[in-house]
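Read through the structure below, which is laid out as structure tokens, and then see the notes.
And the structure:
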């Protein structure tokens, strides 16, 4: 389209007003923005000066511009068609390529996925699983290698299972054997009367045997992990800690403590601390705690038995030798006393000599009775009657020393089997001992009283006492002993004799029943020994309690029901 116009207004009708100045700018160019055409424009006489309202050239009075416009559809329509055709073809080719790629990829990924899943199944332990890959290439060979590997692993697994079964059987057998050994060892340790306590280096209780509760009176479950010193030392069970000595010295340390038990009886506790070493260094301490009360008691009883045996033999020898000599001397003195030529002084001297002989014969009799006691002959009797009859023998002596006797006798006491002769002798010895305890100048300045009590009672604690068997054959009577045990709760008859005398020193209390022990200037030391022997022969126990300046109390306990000795 070629347009030539003298009036600019014609362009304004055909084109937007915004592009008209561009078309008439006198420059060359192409314009397509904002319109439906593509316009090429240029001045007709390029290079000539443009002068408005003047002659431009020969025959022209205004500038001339050449415009050529082409519809965009005419130019760009084939391009768009080709672009669409090319794009569609490209998409089709790309889609086909992708489809072929996916198909080809699937041919590779499917067997590889099968290999992966098979490997995961086999890795979980299912060795019987087999891969099925039929690709006819290296992947199929790889699958066959997987199957071979799985078969080998399955065989190894079966071998391991067989070994495991054998091992489990062996372990179970060994575990059973170890359990039996542990049970035996635990039974041995738990039944040993000693308590085994394992402590670490900080002396904290790690473990202990069953005897711990019995020996220490502490519950085992409450002390594990606690400091041993806070458990035992604060309660007075340990006088001092030997485990600390072990950690310091590295050597075994032993010690025996003496304490009072819950029943009031003395207990002897032996502590042995053993260092437990690893590579020469102490890692723990084993403390062995043993209640050696019975052992100590047996040692004391054995010592007492030997002393009694020696005393008995000595008494028998002395009594035999002295008795014959005293009999001869007494006969000679009696004949001399009957002579008529004696004056009063000589008769008085002979009387004194004969009295001395009588006293010596009494001592010899006591020695013989101690060395060769007579067998007990039991009859049922009322103890209150025996108490009253025995008091008759000491009334005269009590009056001379201004001693007041007070009695509190239980009239409901049952009749018990006793040897009345021996038992009255024992009571007389106790009464005389009480009276003589107040027969001195210091006692005369106090109120002299003897209190005698009889009653039925139930023991609040267990009583122990070692005794020589008075009913054994005469030649063996001293050598045979036994322990009298009256258990807590036993019903007994109590005979209690207390005085207001000077009392007995604490160190002498353990010896008052020993033969020949006496603090009196004219005593033989056999009276209380005979008392103990008689009471023990009746199955009873005699105890003494005394404090200096507060008097002495003798307590005789006779059980209601006991085996009758014949």
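Numbering (this note's numbering), first residue to last: 13 to 578.
For glycine and all other residues, C-beta sits at the position ideal for the given N, C-alpha and C.
Counting C-beta pairs closer than 8 Å gives three or more between the stretch 159-174 and the stretch 131-141, which meets the contact rule. By the Cβ rule, the stretch 522-531 does not count as touching the stretch 455-475, because fewer than three pairs are nearer than 8 Å.
The Cβ atoms of residue 81 and residue 34 do not sit closer than 7 Å to each other. In the three-state DSSP reduction, residue 296 falls in the strand class (E or B). Secondary structure of residue 478 (DSSP, three-state): strand. Residue pairing of residue 565 in beta bridges, as defined by DSSP: 510, 557. Between residue 165 and the set 152, 133, 122, 188, the nearest pair of CA atoms involves 133. Rounded to whole angstroms, the separation of the alpha carbons of residue 409 and residue 343 is 30 Å. For residue 33, no beta strand (DSSP E) run applies; the uninterrupted alpha helix (DSSP H) run containing it begins and ends at 32-35, by DSSP. A check of alpha carbon separations from residue 149 across 141, 432, 123, 161 identifies 123 as the nearest.
Its Cα nearest to that of residue 460, the residue 416 stands out among 292, 416, 28. Taking the Cα of residue 442 as reference, the smallest distance to any Cα among 53, 543, 563 is reached at 543. DSSP lists 282 as the beta-bridge partner residues of residue 268. Proximity to residue 444 across 564, 99, 143 peaks at 564, based on C-alpha coordinates. Taking the Cα of residue 281 as reference, the smallest distance to any Cα among 269, 571, 292, 288 is reached at 269. Counting the other Cβ atoms within 10 Å of the Cβ of residue 161 gives fewer than 16, which makes it exposed. Residue 54 holds the alpha-carbon nearest to the alpha-carbon of residue 40 among 412, 193, 54, 423. Under the three-state reduction of DSSP output, residue 250 falls in the coil class, being neither helix nor strand. In the structure shown, the three-state DSSP call for residue 41 is strand.
Residue nearest to residue 368 within the set 354, 351, 154, 346 is 346 (criterion: CA-CA distance). Residue 525 carries a coil assignment under DSSP once its states are collapsed to helix, strand and coil. When DSSP assignments are scanned along the stretch 170-224, the uninterrupted stretches of beta strand (DSSP E) that are 3 or more residues long and fall wholly within it turn out to be 207-212, 217-220.
DSSP, read as helix, strand or coil, puts residue 550 in coil. Judged by their CB atoms, residue 284 and residue 207 are not nearer to each other than the 7 Å cut-off.
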